[in-house]
Structure formats: structure tokens, C-alpha cells
Amino acid sequence: MSAPTPRSTSGAARRRSARGRSTVRTIVDVARGAMIGAAEIVPGVSGGTIALIVGVYGHLIDGAGHLARGVALIVADGLRGRGLARASAHFRSVRWGVVLPIGVGMLAAILVGAKLLAPLLEEHPVATRAVFAGLIAASLVVPIRMVGARWRAREIGIALVAAAITFALTGLPPAGEANPSLFVVAIAAAFAVCALVLPGVSGSFLLLTVGMYAPTLAAVNDRNLGYLGAFIVGAMLGLGVFVSGLQWLLANHHRVTLVIMTGLMLGSLRALWPWQGSSNDLLAPSGDVVLVAALFLGGAALVTALIIIEHRLVARRLLAADIESDPVPDAAGHAPHRG
């Protein structure tokens, strides 16, 4: 039997290397999705912030936009008898190899987190908030670096205004536990889903302020399909409206949009101040302050390590750098060509 030629050996090695990189990417994307899903359970922590930290923000914005428009076109074109060509074009534009592993990780983390993270926040609120405050504080470097060149005075002012607005909103006291109708559930989901794509805004916190956090968590734990179905429908409607606008802003006003995101993240730290009263009022530090400070630094160190690891994986071409948000499709409904 003849020995393999150098060319065939080289080709086989390249294929093995490509499969290895694909496996690494899939595992990492599942882990990224799990971190985003876990964040969605904790009031005050934005899933969009975590997506930004772990480098999949562009993928999620792009995929969510195509999915929402595809679903909308199925309904609109179906009723008008125009077929499904435009909807199919949007579905084909979704980077399923990235979005699906992230979605699997998010779903698994939400199901597990509903059982573990929420009780942890209730039993150890000071320690839990300290960890997440460190995480968010360190993650501010991500949008700051994405803005790029030196910040101008006007941009600093815009960021501070956005931070002040978020600071005020996160100070709202939680409402009493509600027993909402499915219509109200869908409306709340449409607003809360913005947390998935807008760093600094916590969907769980929004649900908490309107008294729907506990019922939603119970619906996840009890597998209440009617409630969850209404929530998903509302979330899809919210994505259809919100994501398109955010994509347009990122495409046409990229720098100022990132500046505002930075401000939103900065202001959201108010919700994660470790010492808070039952009405979200800020309290003076008490108890084991040294331990709380250590937990804060631990959260910051975790984010720093994640950023360093991702940069090294990108440098070694085991991961692709995050993509920019996809601009608005052309008149035919097709997404712009990627180079």
C-alpha cells in the first residue's frame, strides 16, 4: 500500500484542525449562552451586558433581528399570498452555528438558574450583589474600548445622562406580586426582552418593578406552558420592534450608541449596590465589609479573565471576532452581503 502524499496528508490535517476549531467554538458558545441565561435570572444584571462581555453581542443582535423579521414576514406575506421567499431569506441569514449553541446554553442556564440562582439571591443578597457588581464594573471596559478613539466632552455628557436615567429607574421600588392576565404577560415580555439586546437594562429587574418577577419564575419552574407561550409571543413582538431600531442605530450612529450603552451599564450598578432595603433604597455598608469587597474583586477578576481568554482564542483563530450588527435589509428584504 502506497504512503499518502504530502498534499493529502496536509489536507487531512487541515480538516482535523477545522473540526477541532468548530468543536471548541461550539463548546465556548454553549458556555457563553449559559452565562447570558444565568444573568437573565438575576434582577439588576443585564443579559445584553454579558453578551457584550463574552463577545457574542453582534451575533445575537443580528440573529434576533433576522428571526423577528422572518416571523413577521411569514404572517404578513402568508396573509397576502406572497409566499415565504422573503421570510426564508431572513432565516437563512441567521448564523445558526453560533445562535443555536448559545440558545441551548441560555435555555439550560435559565432552567437551572430558576432553581439555584434565585434562592441564592434571596438567602445571600449582599454577597450575590457584590459579585455581580464587580462583574459589571469590570465589564465597562468592553463598550469603552469599542467606542474607540478618545472620548469627547459631549460623549461623556451623554453617557452620564444615560447613567443618571438608569440610576433613577433602578431605584424604583418593587411592586407587589401580581396575578397577570396572559395579555399583560405578553406586554411585559415585550418590554423585558430589551434586556437581552440592550446592555445595562435588566429584564428581571423590569419584571420585579411591575410585580411579575415571582410569577414568571414560578411559571418556569412549574412549566406553565400558557404563561410561557404568552411570554414568548410578547418577546418576539418586542424583538421585532426594538431590534430593528437598535440595528439602525448601530449601523448609522455606532459611536454614540455605544456611548449610551456604556452609560446604561454604569447606571445599572445602582441596582447591584450590596446593601439595599426592601424598597431598593441604598444603605450604608455593614457587616463583613472585607468579605463583600473580596467578592466584588472576585467578580471583577472573573470578567477580566474571560476577556483575556477570549482575546487569546481569537488571536489563535479558535474563535472569530464578534460581528457588527447587520444593517436594515434592502428593498427586496435581503440582508446586505458580508465580505
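With the numbering used here applied, the sequence shown covers 959 to 1297. No residue lacks a Cβ here, since even glycine has one placed at the ideal position from N, Cα and C. Model, not experiment: these values are computed from the prediction.
Where residue i falls, given that 16 or more other Cβ within 10 Å makes a residue buried
| i | result |
| --- | --- |
| Leu1238 | Before going further, note that residue 1238 is Asn rather than Leu in the sequence given. So Asn1238 ends up on the buried side. |
| Phe1189 | buried |
| Arg1228 | buried |
| Thr1124 | buried |
| His1082 | exposed |
| Thr981 | exposed |
| Glu1080 | exposed |
| His1211 | exposed |
| Leu1224 | buried |
| Asp987 | buried |
| Asp1020 | buried |
| Leu1118 | exposed |
| Ala1147 | buried |
| Pro1059 | buried |
Any non-hydrogen atom of the ligand MG closer than 7 Å to residue i Cβ
| i | result |
| --- | --- |
| Leu1078 | Annotation note on the ligand MG: not contained in the displayed structure, which lists no ligands. |
DSSP three-state assignment for residue i, whether helix, strand or coil
| i | result |
| --- | --- |
| Leu1240 | strand |
| Thr1220 | helix |
| His1292 | Confidence in His1292 is poor, its pLDDT being 43 and thus under 50, which makes the residue's placement too unreliable to answer from. |
| Gly1041 | coil |
| Ile1116 | helix |
| Val1012 | coil |
| Asn1210 | helix |
| Ala1139 | Sequence check: residue 1139 is Ser here, not Ala. Coil at Ser1139, not helix or strand. |
| Gly1006 | helix |
| Met1064 | helix |
| Leu1025 | helix |
| Thr1128 | coil |
| Trp1109 | coil |
| Ala1201 | Strictly speaking, residue 1201 in this sequence is Val, with Ala absent from that position. Residue state, collapsed to three classes: helix. |
| Leu1093 | helix |
| Ala1047 | helix |
| Arg983 | helix |
| Arg1087 | helix |
| Leu1098 | coil |
| Pro1285 | Note that Pro1285 scores 35 on pLDDT, short of 50, meaning its location in the model is unreliable and no value can be drawn from it. |
| Val1178 | helix |
| His1017 | helix |
| Asp1246 | coil |
| Gly1297 | Here Gly1297 scores only 33 on pLDDT, less than 50, and its place in the model should not be relied on; the value that follows carries that caveat. In this structure, Gly1297 counts as coil in the three-state DSSP scheme. |
DSSP beta-bridge partners of residue i
| i | result |
| --- | --- |
| Gln1234 | Leu1240 |
Close Cβ partners of residue i (< 7 Å) along its chain, the five nearest in sequence each way excluded
| i | result |
| --- | --- |
| Ser1244 | Trp1233 |
| Val1143 | Tyr1185, Ala1188, Phe1189, Gly1192 |
| Gly1041 | Asp1035 |
| Ala1072 | Ile999, Leu1175, Val1178, Asn1179 |
8 Å CB neighbourhood of residue i in its chain, flanking five on each side removed
| i | result |
| --- | --- |
| Ala1251 | Ala1088 |
Neighbourhood of residue i by C-beta distance below 6 Å, restricted to the same chain and skipping five residues each side
| i | result |
| --- | --- |
| Leu1018 | Ala1009 |
| His1292 | Because the pLDDT at His1292 is just 43, under 50, the model does not fix this residue reliably, and the point stays unresolved. |
| Gly1198 | Ala1026, Ala1030 |
| Leu1216 | Pro1101, Met1104, Val1105 |
| Ile994 | Gly1005, Ile1008, Ala1009, Met1064 |
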